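Protein chains in written order, with this note's numbering: chain A, -15 to 198; chain B, -15 to 198. What follows is a set of notes on a single structure, which appears directly below.
There are 2 protein chains.
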Amino acid sequence: MLGTPKRDRVAERRAATRREILDAAWEIARESGLTQITLRDVADRVGMQAPSLYSHFPSKMAIYDAMFGEAWGEYEATFAQLDGKVAALEADDPRAAMLLVSRHFYDFAVADHPRYQLMNERIVPGFEPSPESYAPSVRVMEDGRSRIMALGDISEADFTIWVSILGGLVNQYFANDQGGTRIHALLARAVDMWADAVGLPSKSAPSSPHRRKR
Amino acid sequence: MLGTPKRDRVAERRAATRREILDAAWEIARESGLTQITLRDVADRVGMQAPSLYSHFPSKMAIYDAMFGEAWGEYEATFAQLDGKVAALEADDPRAAMLLVSRHFYDFAVADHPRYQLMNERIVPGFEPSPESYAPSVRVMEDGRSRIMALGDISEADFTIWVSILGGLVNQYFANDQGGTRIHALLARAVDMWADAVGLPSKSAPSSPHRRKR
DNA sequence: GTCTATAGTTTGATAGAC
DNA sequence: GTCTATCAAACTATAGAC
């Protein structure tokens, strides 16, 4: 009997083509907006005719769906790189841990507007993520919530407020500060406001270092 | 000589038709999404053929533009109704004033998703508000900023953080709480976090009533 | 001011040859 | 798996009659 070859060259080629298609779609989204992706444009960029895309994705929405899953997967992956540092700080300096996670969220969001829109806003008419693509986003939120709540005895309500504050800052960045650092400069203060309120101790200044000076 | 008639019936009819067109557009936006408005659909609802709309608006974007100006005008108008109460509280209980303004912003935003998207997000490809339609939004922001900064000696940075917090809560409402009250219930606490940090006194409890209980 | 007719695009998707 | 050919639909906008 013939042994199974170690590498499946056909599958590899298929995966590579799929990758090219998604990259082209992201490129269009970044250049012209998330909702401006068209199959013809995608096909052009990968050197195909539009109908050929149907050999790789069953519909346009399936492309959006793959992008959605990918975006949350990227968030998960980039956070994993930071996880060691965060874990090390969790017990010793929870406030510094929060700031690290907050900055990561902000930087990741701000780096790619259409990605953020796809992940967190409902902009594409008719698009609803499939359960499979939705899974990473659920994992991320569950993990974030349980770990943040464990930092002190922080309520779920306060976790939601933290998420709101970060999302709000990202909004302001895209609305009034694109390419700038004005909003980024407010991040630490905003997180400290929250940390003070939920009673998160800080190593450098245990009480409320950011109360207004008188 | 003939006197000018007191009422211009032609102009009145024109204004009424314009009103009908805008109402139809809002209706479609609420039913199907802001970007789903089509001239045919608008025309159908007002009992016209699509090309007839061009007697009232020079382009589809002009309809969006009118809607944009209208939305900020509505905000201005609804806030004006509240202004007496806010002004009365400003000196005596600035924290209560902030909460009133915050609730108004939140309630107004949450009442109409496409309106909020048109006002604060850039969802419609190619749409840029005209200077005339943009004017009310500038007025609202300028007035809000100067009055809030005058409540205590609050910095512009902290004003921006307040705007971010509110926008973030609205986001969370639309993402995870549509039709619910979960996020609304967090509003007072979030505003208090901010008020504590900027040193806004409260009549009922001058210091930090919302610090975590131990 | 509203109509009909239509130009001129653009779009997502399918059929079938190779 | 990619192609050509094409469908069927939708869209904004203009021209010109009434």
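Just so it is clear, CB atoms sit at the ideal spot from N, CA and C, and this is done for glycine as well. Bear in mind that the values here come from a model prediction, so they are computed numbers and not experimental data.
Chain B contact for residue i (CB, 8 Å cutoff)
| i | result |
| --- | --- |
| A:SER148 | yes |
| A:GLY164 | no |
| A:GLN20 | yes |
| A:ALA0 | no |
| A:GLN156 | yes |
| A:ILE145 | yes |
| A:TRP107 | Before going on, a small fix: residue 107 of chain A reads as Ile here, not Trp. Yes, A:ILE107 counts as interfacial toward chain B. |
| A:LEU170 | yes |
| A:ALA13 | no |
| A:ALA95 | no |
| A:GLY17 | yes |
| A:ALA9 | no |
| A:GLY128 | no |
| A:HIS194 | Model confidence at A:HIS194 stands at a pLDDT of 48, short of 50, so the residue's coordinates are unreliable; what they give is reported in the following sentence. Chain B contact via Cβ: present. |
Counted within 10 angstroms of its Cβ, other Cβ atoms place residue i as buried (16 or more) or exposed
| i | result |
| --- | --- |
| A:THR(-12) | exposed |
| B:GLN20 | exposed |
| A:LEU66 | exposed |
| B:TYR48 | buried |
| A:ASP144 | Looking at the sequence shown, residue 144 of chain A is not Asp but Thr. With 16 or more Cβ atoms within 10 Å of its Cβ, A:THR144 is classed as buried. |
| B:SER130 | exposed |
| B:ASP180 | buried |
| B:PRO190 | Residue placement at B:PRO190 cannot be trusted, given a pLDDT of 48 that sits under 50; what the coordinates show is reported in the next sentence. Looking at its Cβ environment, which holds fewer than 16 other Cβ atoms inside 10 Å, B:PRO190 is exposed. |
| B:PRO42 | exposed |
| B:TYR100 | buried |
| A:ALA174 | buried |
| B:ASP76 | exposed |
| A:ARG(-2) | exposed |
| A:PRO185 | exposed |
| B:ARG79 | buried |
| B:SER86 | buried |
| B:ASP7 | exposed |
| A:ASP142 | buried |
| B:ALA50 | buried |
| A:ALA134 | exposed |
| A:VAL147 | buried |
| B:ALA13 | buried |
| B:VAL26 | buried |
Any chain A beta carbon closer than 8 Å to residue i
| i | result |
| --- | --- |
| B:ARG24 | no |
| B:ILE47 | no |
| B:GLY57 | no |
| B:TRP178 | yes |
| B:LEU153 | yes |
| B:ARG173 | yes |
| B:GLY53 | no |
| B:ALA134 | no |
| B:ALA159 | yes |
| B:ALA141 | yes |
| B:ALA119 | no |
| B:ALA181 | yes |
Terminal residues of the alpha helix (DSSP H) in which residue i lies
| i | result |
| --- | --- |
| B:LYS(-10) | Here B:LYS(-10) belongs to no alpha helix (DSSP H), and DSSP marks it neither H nor E. |
| A:TYR118 | 115 to 133 |
| A:HIS88 | 78 to 94 |
| B:VAL30 | 23 to 30 |
| A:ALA179 | 168 to 182 |
| B:TYR100 | 97 to 104 |
| A:THR144 | 140 to 160 |
Cβ-heavy atom distance, residue i to the ligand PLP, below 7 Å
| i | result |
| --- | --- |
| A:MET133 | Ligands displayed in this structure: none; no statement on the ligand PLP is therefore possible. |
If contact is defined by three or more beta carbon pairs under 8 Å, each pair taking one atom from either stretch, is the region 87 to 94 of chain B in contact with the region 25 to 42 of chain B? no
Assess, as a yes-or-no matter, whether the region 108 to 121 of chain A is touched by the region 145 to 155 of chain B under the definition of 3 or more beta carbon pairs within less than 8 Å. no
So does the region 154 to 169 of chain B actually touch the region 166 to 185 of chain A, counting three or more Cβ pairs closer than 8 Å? no
Counting pairs of Cβ atoms below 8 Å between the region 7 to 23 of chain B and the region 104 to 112 of chain B, do you hit three or more? yes
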